[in-house]
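Protein chains in written order, with UniProt numbering: chain V, 1 to 330; chain X, 1 to 330. Quick reminder that beta carbons are idealized off the backbone N, C-alpha and C, glycines included. All of these numbers come straight from a predicted model, not from anything done at the bench. Everything below concerns the one structure shown next.
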DNA sequence: CTGTTAGCGCTTTCAT
DNA sequence: ATGAAAGCGCTAACAG
């Protein structure tokens, strides 16, 4: 493997001149540059990025760490991040947090391989993030709180979103509303449930225990909990699913039992994932500004990188009700 | 930022001993190791990955380069890659090829930052890949041919898949079948069209020019070409869309005009993206083994990395017909 | 415009 | 079991 030394030798210049020429710097005679470039080509020279990084102590790279690269959230988020990263001339790499303690993310968080990192991953331990956080290494945490002076937080107003969802259902005339919960341990789930309750309380609505069921944040989870709901006999007139994936599983379960949405039961989801537009009926849901989240996150990283310090460390984004066809007026 | 030197000093050992202790090597007295680890903790020491890579000349990292991280293809592919990468104790990072010549992928291809790379990206220039390819740096190209001794190729049998699709349509009794083409420049598109033609020829079926329309491989492309098809008056009894996204756009266009699928027109797609299960009607399509593709790609990388040389440089994967509800018997 | 020089932080022989 | 020393490949003063 040819190094810059070999190139310099073949072009009969010093290593530094070779470096300058190779990196497109102006301060070289065109003739010399050409000679160096030709030598590089002849030797099939490839710069060693690690060596350059080591020397320059910045990598011009950002990392995005997510739990699941194939998740419905990821694709829209990344667009937001990517658009601004690219516009700043930075590279973006993404990796998944699955694989536990000593896997990929560790190296990016702990080994100074990127200039900053954006995290949307709950499997990553607090401890590790805390350990990585330090002056001059911006970390933006999405949908996750951490008590550290060195991290920046972006969250979505889950409570308000859930409140709006239920409020909408009530405005449509629904009075018996069930909550199908996601993972009980999830903060998102808690906030959404709080919003649900707040709206119910405000309108003096009861919610029998049997209509408060919990599953996991997946299509399957939604499917099974809905089956249970159906088996219990009497259905509520509307159901609030803690996320779209669950709602989609729910639609499936209803359809199998010949129960019509929204004629027999109205349902509303949360997230507004791409799929929710395509289900039958199209899913009414609470839109999360995923793109904005990504782009804000990247912006904040760059602001931090340019030395700005933040009085504000928590940014809250608003949700939006998206009316489609899964809720009816009663 | 504390370096290993600082740690060594604080622990009153030499740098080499510190390195050994820090990397969990056996040859240190437990007492010494503890002292080093404590010093590291106190100084909040973080290893500089670039320096380590520079020295070790392997990164234990693979890169996956795709055109679009948010594309429907990506998520299934990555699972396949990730599963085997993880099992080998390697890291996987992904990046998008958008951004042109001197963007992220360049650095991974050309700057020795990873031990190997898997590419599913058509925006990356041949020239660049060729330039990167060399002994000892395995590159696996998906759905793309290149004339280089140093690259390994995996492709899906697009022609056979398309042939099967059309054959199925014909077996259902369809005789007038249109082909809605993707980007004319795409090899995939060519192969699929060849398969289409082969089947048509075999059964002595004509295809009027007006039923051979081309768009782009997107939902929008499918939508617009379908609109055009409709405007031309007489419809074929079945349509083969060059991919699922286009077919989904087509369904949309038909639905807007009150034309029923599959009652009025049967449609079939290609790819079997996740979404195709959820459209109304659910889309009949040709399944591409995306997961298998990813996992095979990763396997081949590791085999190459372990010094194996390949007589075979082209692997062809078979497709599979997935019958859902968008085609009817005539 | 070009060459000399001094490391970046780490790993790794080779002695001890 | 530990330390001294060399050097991975590159960049960036600085001097000429």
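Note that the C-beta distance between residue 284 of chain X and residue 326 of chain X is below 8 Å.
Contact between the stretch 152-165 of chain X and the stretch 315-325 of chain X is established, with three or more Cβ pairs separated by less than 8 Å.
For the stretch 78-91 of chain V, the beta-carbon criterion of a distance under 8 Å to any beta-carbon of chain X is satisfied by 78, 79, 82, 86 and 91. For residue 191 of chain V, the enclosing alpha helix (DSSP H) stretches over residues 187-202. Taking a beta-carbon distance threshold of 8 Å, residue 266 of chain X does not count as an interface residue toward chain V.
Inter-segment contact for the stretch 290-303 of chain X and the stretch 240-255 of chain X is absent: fewer than three beta-carbon pairs are separated by less than 8 Å. Residue-level contact by beta carbon fails for residue 147 of chain V and chain X, as no gap is shorter than 8 Å. Residue contact with chain V for residue 241 of chain X: absent (no Cβ-Cβ distance below 8 Å to any residue of chain V). Across the set X/287, X/21, X/223 and X/174, the C-alpha of X/174 shows the shortest separation from the C-alpha of residue 264 of chain X. Rounded to the nearest whole angstrom, the CA to CA distance from residue 105 of chain X to residue 167 of chain V is 47 Å. When C-alpha distances from residue 145 of chain X are compared across X/159, X/108, X/188 and X/54, the shortest belongs to X/188. Below the 9 Å Cβ cutoff, chain X contributes 63, 93, 94, 95, 104 and 108 as neighbours of residue 93 of chain V, in chain order.
The criterion of a C-beta distance shorter than 8 Å is satisfied by residue 96 of chain X and residue 68 of chain X.
Counting along the chain, residue 75 of chain V sits inside the alpha helix (DSSP H) bounded by residues 74-87. Secondary structure note for residue 160 of chain X: its alpha helix (DSSP H) is the uninterrupted segment 158-171.
For the C-beta of residue 125 of chain V, not a single chain X residue is nearer than 9 Å; the gap to the nearest is close to 16 Å. Comparing alpha carbon positions, the residue from V/112, V/276, V/176 and V/300 closest to residue 131 of chain V is V/112.
For residue 34 of chain V, the secondary structure class from DSSP, reduced to helix, strand or coil, is helix. At least one CB atom of chain V sits nearer than 8 Å to the CB of residue 99 of chain X.
With a 10 Å radius around the Cβ and a threshold of 16 neighbouring Cβ atoms, residue 126 of chain X comes out exposed. At a C-beta separation below 8 Å, residue 53 of chain X has these neighbours in chain V: 50. For residue 248 of chain X, same chain residues with a beta-carbon under 6 Å away, outside a window of 5 residues either side, are 219 and 279 in chain order. Across the UniProt domain "HTH lacI-type" (2-56) of chain X, CB contacts with chain V closer than 7 Å involve 44, 46, 47, 48, 49, 50, 51, 53 and 54, in sequence order along the chain.
Put simply, the CB of residue 70 of chain X is near chain V, with a gap under 8 Å to one of its CB atoms. Secondary-structure assignment with DSSP links residue 310 of chain X through no beta bridge to anything.
When CB distances to chain X are screened at a threshold of 9 Å, the residues of the stretch 275-300 of chain V falling below it are 275, 278, 279 and 280, in chain order. When secondary structure is reduced to three states using DSSP, residue 261 of chain X falls in the coil class, being assigned neither helix nor strand. Taking 8 Å as the threshold, the shortest C-beta distance from residue 134 of chain V to chain X falls below it. For residue 256 of chain V, the closest Cβ of chain X is not nearer than 8 Å.
Counting only runs that start and end inside the UniProt domain "HTH lacI-type" (2-56) of chain X, the alpha helix (DSSP H) elements of at least 4 residues fall at 4-11, 15-22, 30-43 and 49-56.
About 6 Å separates the beta carbons of residue 177 of chain X and residue 240 of chain X, which is inside the 8 Å limit, making them a contact pair. Where residue 91 of chain X is concerned, the enclosing beta strand (DSSP E) starts and stops at 91-96.
Under DSSP, residue 116 of chain X shares a beta bridge with X/62. Inclusion of residue 84 of chain X and residue 299 of chain X in the CB contact set at 8 Å is warranted, their separation being smaller than that value. Residue contact check for residue 220 of chain X against chain V: no CB pair falls below 8 Å. The residues 66 and 142, in chain order, have a CB closer than 6 Å to that of residue 120 of chain X in the same chain once the five nearest residues on each side in sequence are set aside.
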